[in-house]
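Each protein sequence line maps, in turn, to chains A, B and C.
Mapped onto this note's numbering, the consecutive letters of the first sequence carry residue numbers 1 to 301.
Mapped onto this note's numbering, the consecutive letters of the second sequence carry residue numbers 302 to 561.
Mapped onto this note's numbering, the consecutive letters of the third sequence carry residue numbers 562 to 962.
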Amino acid sequence: MTTPEVTNLDRKGAPIWGTLIGQLLKALLALAPLLVFMSIFFFAPLTAVVLDSFQGNDGNFTWANYADVFKEPIITAMRTSLALALVSAIVSAIPGAVLAFLIESRGSDRLRQVVASISGVLANTGGVPLAFMFIASLGAEGAATSLLKAIGLDIYSAGFSLFTFGGLVLVYTYFQIPMMVIVFSPAIHGLRKEWNEAARTLGASGRQFWFSVGIPLLFPSFLSALLLLFASAFSAYATARAMTNGTIALVPLMIGNLLDGNVIFDEVNLAKALAVAMIVVTLLAMVPYLIIQRRAQRWQG
Amino acid sequence: MKGLKSRQLPLTIGLILATIFVVLPLGSAAEFSLREPLKNTHGFDNYVWFFEAPDFAKYLGISFGLALASALILLVILVPTVVWLNLGGSKFRGLVEFISLLPLVIPVVALAIGAQTALPDFAQTNEVILAFMYAVLAVPYAYRTMDTGLRSIPLQTIVEAARGLGADWLAVLFKVIIPVIRSTVLSALFMTLALSLGEFTITSLLHWDTFTTWVTTMSQSNILGAIALSVFSLVSVFVLLLVISVFIKPTKSLIISEEN
Amino acid sequence: MNLKRIVAVAAASAIALSAAVAISTPSQAAVNYCKATDLKTAGGMDALVKAAKKEGALNVITLPRDWANYGEAMDLFSKAFGIKINDDNPDGSSAYEIQTIKTAPAAKQPDVVDIGVSALNGVIGAGSDKIFADYKVANFAAIPSKWKSESGSWYGDYNGIIGIAYDASVTPAPTKIADLANAAYKGQVALTGDPTAGQEPFMAVYAAAIAKGGSLDNVQPGIDFFKSLKASGNFTATKATPENYIAGAYKVSLTWNFNAPGAIAGAKAAGKNLKFVIPSDAVIAGTPYIQAINAKAPHCAAARLWEEFLYSENKGKTSTQLTPADLKLTGSKLFNTIEGGQNVFVSGGATPILQADMTKKKTLINGPDGFDVPKGAKVYQPSPDQQVAGKTLVSAQWPTL
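Right, dumping it as structure tokens:
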């Protein structure tokens with residue numbers, strides 16, 4: 001969408017709002033509610049965390065906490081967390097997008113309502129309840145495990161385990177896929193039938209419409225949703241904590257151990273540095289995302 | 302007729318698979334919650350146990366009130382913001398996207414510790430603080446949902462048309478924009494409600510008692526009861542959202558594919 | 562004549578009035594319970610009980626009901642003295658307790674804390690703000706000097722021993738840590754959490770170290786043992802919680818003895834049969850947990866009464882045995898009627914800090930059956946200093962086990 005040209009002129013004839021400062025002021029005003037809200041309830045706590053991350057235990061300024069971020073086992077944890085986030089996001093985004101498309105384009109209104117309600121609930125499951133649900137169904141003595149055994153598929157002798165990287169990805173899909181459905185459905189909802197009709201009038205088949213028009217149009221929204229799933233899996237704490245006992249190296253688990261544990265009490269500021277590091281990593285991950293988004297935006301004109 | 306059926310087939314298959322995927326874990330947990338080992342049978346004893354617990358209704362009410370408050374807060378803050386972004390402020394989209402993503406990136410436990418230190422005492426002694434913190438946690442999802450929804454409609458066009466016909470901004474907002482984005486906003490609100498009703502980390506780290514912390518306390522003394530409580534939490538929020546959605550008419554999808 | 566009479570009456574009245582005032586004043590002199598440093602300065606047990614009852618509430622923090630039978634301790638205290646106990650975040654950590662004292666608003670401050678020894682680092686000693694109030698319980702002298710502060714700001718209360726909890730269906734029944742490598746336990750062995758985050762699994766690693774030829778200064782053999790268990794498939798990364806046990810995710814775990822009675826009872830109610838045994842090849846005793854009164858305690862008298870209760874060596878009535886007649890007794894009489902906190906810990910399977918004194922005075926009750934330390938076994942207790950080296954090794958190697 002292009003910025004509309006607003007040219008209010010002052011008495012001398014020079015544009016006011018059109019100037020850069022004018023635009024910034026206008027933006028500040030429009031974003032004020034969000035900014036004030038986030039400043040108090042998010043940026044203030046975040047600042048406390050950032051400030052503490054630069055403090056040593058003696059209260060003096062230090063880079064040591066950030067230096068530790070690059071040492072083992074933290075760097076391994078960072079790599080594993082990133083891998084988990086990426087794999088989980090992709091593995092969940094595709095089924096989620098397909099499901100969202102099917103429901104939005106072919107489902108009845110009532111169906112969409114039901115799906116919206118249940119997706120909202122499922123997208124927020126996690127922690128101990130979610131871990132238990134999977135252990136109860138796919139654990140060593142789970143209902144699904146026994147069912148599969150009855151039809152001859154012993155997944156455990158084949159080496160399956162819920163408490164591995166792959167197991168975590170599986171458990172994460174339970175809330176990631178519904179999240180994808182919720183966040184991506186509006187994009188499909190708004191795909192205009194006029195475009196489909198126009199394409200048809202010009203002789204395009206359904207497939208051609210999708211490949212040349214539909215998918216490119218949906219791509220930016222797909223990417224935004226993917227980024228959301230990535231961030232969600234990256235910082236997921238309660239579920240990973242309920243599922244494992246620390247033998248899978250993950251950064252949120254380390255943060256929790258150091259901030260809210262019973263064994264290590266003198267590395268609180270290291271934990272805060274880890275939290276800041278996670279934000280920096282996400283910022284870096286947003287760079288390719290923004291580049292692709294900008295390119296894709298040209299399609300929408 | 303054949304065309305219709307073959308069109309519905311992928312949806313039907315998708316729904317069946319999705320249902321199995323959703324119900325299997327939940328159903329397995331539910332089976333545990335219905336066990337009554339001392340009577341060697343299955344039944345609702347574990348559910349009766351917590352329904353009859355003295356503070357059940359009280360904490361449910363507290364959580365529900367906070368959830369509504371956080372949904373309202375987000376509504377008031379995000380809708381104008383997202384509308385503005387899509388009407389003329391698209392230059393700042395990247396910035397707002399980054400800001401909106403931040404609460405999702407930092408693990409909740411670190412945020413809670415920061416909140417303990419940064420928020421003044423008077424904020425921490427008023428339970429309403431939780432509504433604001435829940436709203437912060439919901440911003441990533443709510444913003445993303447609303448933005449995706451607004452992007453895909455010709456907002457600029459219809460607003461200009463309405464203005465051209467003489468409507469003032471308030472009328473535009475309420476009579477043109479909101480009806481069009483109603484189901485999107487509703488989705489976002491559902492996410493917020495569900496999130497608030499299930500939030501535990503910030504609630505306990507800021508020393509408050511809501512339904513989720515009450516569940517944890519109760520869960521200590523009764524394993525099967527604890528399982529019943531978590532199943533109940535999930536199912537009840539779903540029912541709640543469904544009931545709310547029944548009262549709101551969905552907006553028609555703009556896409557048709559009858560000729561597909 | 563009249564004037565003399567008036568003056569005489571006035572003088573007599575004045576004297577009588579001041580005498581009355583003088584007599585009534587001592588009982589109106591208020592004791593500041595927040596500054597009381599022992600039972601004497603608190604004005605005696607009767608006065609303490611009265612003041613605590615008046616306060617009517619006690620804020621405790623991170624006390625699970627099934628932990629060393631704290632559930633019974635809280636029920637007994639609450640019922641006997643009519644004081645409501647508010648338990649903030651029962652599943653919380655020691656770090657949470659310290660953080661709460663440091664940052665929570667006045668209304669949310671705990672009165673008393675029960676923390677791990679290592680949590681004392683940085684909050685006591687020279688250079689740190691005094692966050693605990695000095696108070697020496699009646700039995701303070703009997704607490705081993707290693708586990709108390711000289712001024713009475715903190716003191717050990719109980720400790721536990723690591724044992725093996727296993728499902729009755731497991732064959733063969735394990736008796737030693739080394740048994741856990743048995744192929745029969747494939748996919749069945751679990752720890753209650755991350756040793757980098759929990760004392761219980763951390764001590765379990767020490768138990769493995771001792772069983773495998775290491776020492777309290779060398780915990781590496783313990784880490785290696787769990788590594789080999791993981792490689793062989795015996796060690797499952799699931800967390801050993803009661804729910805996961807019911808779901809069959811694991812069958813054998815290493816836990817504190819004082820968590821076992823509650824776990825066994827809970828398992829029974831859910832239809833499973835859990836057993837517990839102290840391993841014969843490694844008896845690891847944890848360091849005592851530490852009691853302290855918060856300097857910012859909102860209910861000072863109740864806090865001090867709670868501490869007196871926890872350190873009482875009485876053999877007495879439990880919460881279910883109290884009668885309405887008992888509740889009508891005066892403060893100190895009632896206090897002597899109820900079971901002392903130290904014995905409540907014993908009933909939960911823990912070792913009370915005053916065990917030596919209680920054995921001498923013959924006030925020690927019997928603990929749960931089957932929780933005895935194997936005869937002649939050497940008891941190892943990693944000191945806080947020894948644990949520092951262990952922590953470094955474990956936190957570096959566990960995430961990549």
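The C-beta atom is built at its ideal place from N, Cα and C for all residues, glycine as well.
A quick note: this is a predicted structure, and the numbers were derived from the prediction, not measured.
Buried or exposed: where does residue i fall if 16 or more other Cβ atoms within 10 Å of its Cβ makes it buried?
i                 : result
Ser585 of chain C : Because Ser585 of chain C carries a pLDDT of 49, less than 50, the predicted location of this residue cannot be relied on, and the following value inherits that uncertainty. The residue is exposed, with fewer than 16 neighbouring Cβ atoms inside 10 Å.
Ala32 of chain A  : exposed
Leu487 of chain B : buried
Phe548 of chain B : exposed
Leu564 of chain C : exposed
Arg294 of chain A : exposed
Val540 of chain B : exposed
Val940 of chain C : exposed
Asn897 of chain C : exposed
Asp675 of chain C : buried
Leu310 of chain B : exposed
Val610 of chain C : buried
Ile292 of chain A : exposed
Phe638 of chain C : buried
Pro355 of chain B : exposed
Asp946 of chain C : exposed
Val516 of chain B : buried
Asn834 of chain C : exposed
Leu20 of chain A  : exposed
Pro59 of chain A  : Reading off the sequence shown, one finds Gly at residue 59 of chain A, where the question assumed Pro. Exposed, by the Cβ-count rule.
Trp959 of chain C : buried
State yes or no: is the C-beta of residue i within less than 8 Å of the C-beta of residue j?
i                 : j                 : result
Phe357 of chain B : Phe351 of chain B : yes
Ile839 of chain C : Ile659 of chain C : no
Ala416 of chain B : Pro45 of chain A  : yes
Pro666 of chain C : Thr449 of chain B : no
Pro735 of chain C : Asn245 of chain A : no
Gln176 of chain A : Ser137 of chain A : no
Ala863 of chain C : Glu616 of chain C : yes
Tyr696 of chain C : Ile704 of chain C : no
Val780 of chain C : Gly951 of chain C : yes
Gln903 of chain C : Leu895 of chain C : no
Ile854 of chain C : Glu868 of chain C : yes
Ala317 of chain B : Gly827 of chain C : For the sequence presented, residue 317 of chain B should be read as Ile rather than Ala. No, the pair does not count as a contact, with Cβ atoms beyond the cut-off.
Measure the beta-carbon distance from residue i to residue j and round it to whole angstroms, keeping in mind my assumption that it falls under 8 Å.
i                 : j                 : result
Phe512 of chain B : Ile374 of chain B : Not a contact, Cβ separation roughly 19 Å.
Phe41 of chain A  : Met447 of chain B : Phe41 of chain A to Met447 of chain B, Cβ: 19 Å. No contact.
Ser371 of chain B : Ala432 of chain B : 4 Å
Taking the C-alpha atoms as reference points, what is the distance between residue i and residue j?
i                 : j                 : result
Trp628 of chain C : Phe101 of chain A : 51 Å
Thr493 of chain B : Glu398 of chain B : 18 Å
Ala225 of chain A : Pro178 of chain A : 11 Å
Thr961 of chain C : Ile771 of chain C : 22 Å
Val383 of chain B : Leu369 of chain B : 21 Å
Ile685 of chain C : Leu327 of chain B : 48 Å
Phe70 of chain A  : Val50 of chain A  : 17 Å
Ala830 of chain C : Lys836 of chain C : 14 Å
Asn820 of chain C : Gly526 of chain B : 19 Å
Pro943 of chain C : Thr848 of chain C : 7 Å
Ala83 of chain A  : Ala97 of chain A  : 21 Å
Leu890 of chain C : Arg865 of chain C : 20 Å
Any heavy atom of the ligand NAD within a distance shorter than 7 Å of the CB on residue i?
i                 : result
Val121 of chain A : As far as ligands go, the structure on display features none, and thus does not contain the ligand NAD.
Next item on the list: Select from the segment 198-218 of chain A all residues with a C-beta closer than 7 Å to any C-beta belonging to chain B, and list them in chain order.
Entry: Arg200 and Gly206
Checklist line | Contacting positions in the segment 325-347 of chain B - beta carbon closer than 8 Å to chain C | finding: Phe333, Arg336, Pro338 and Leu339
Checklist line | Cβ-based contacts, 9 Å cut-off: residues of the segment 813-847 of chain C near chain B | finding: Gly823, Gly827, Ala828, Lys829, Ala830, Ala831, Gly832 and Lys833
Note to self: Please list, in chain order, the residues of the segment 49-70 of chain A that have any C-beta partner in chain C closer than 8 Å.
What the structure shows: Asn57
Next item on the list: Below 7 Å between beta carbons is the criterion; list the residues of the segment 423-434 of chain B that meet it against any residue of chain A, in chain order.
Entry: Phe433 and Met434
Check: Which residues, in chain order, does the segment 231-260 of chain A contribute to contact with chain C at a C-beta distance below 9 Å?
Finding: Arg241, Ala242, Met243, Thr244, Asn245, Gly246, Thr247, Ile248, Ala249, Leu250, Leu253, Met254, Gly256, Asn257, Leu258, Leu259 and Asp260
Notebook entry, point to check: Along the segment 613-640 of chain C, what residues have a CB closer than 9 Å to any CB found in chain A?
Noted result: none
Next item on the list: May I ask you to list, following chain order, the residues of the segment 725-758 of chain C that have a beta carbon less than 9 Å from some beta carbon of chain B?
Entry: none
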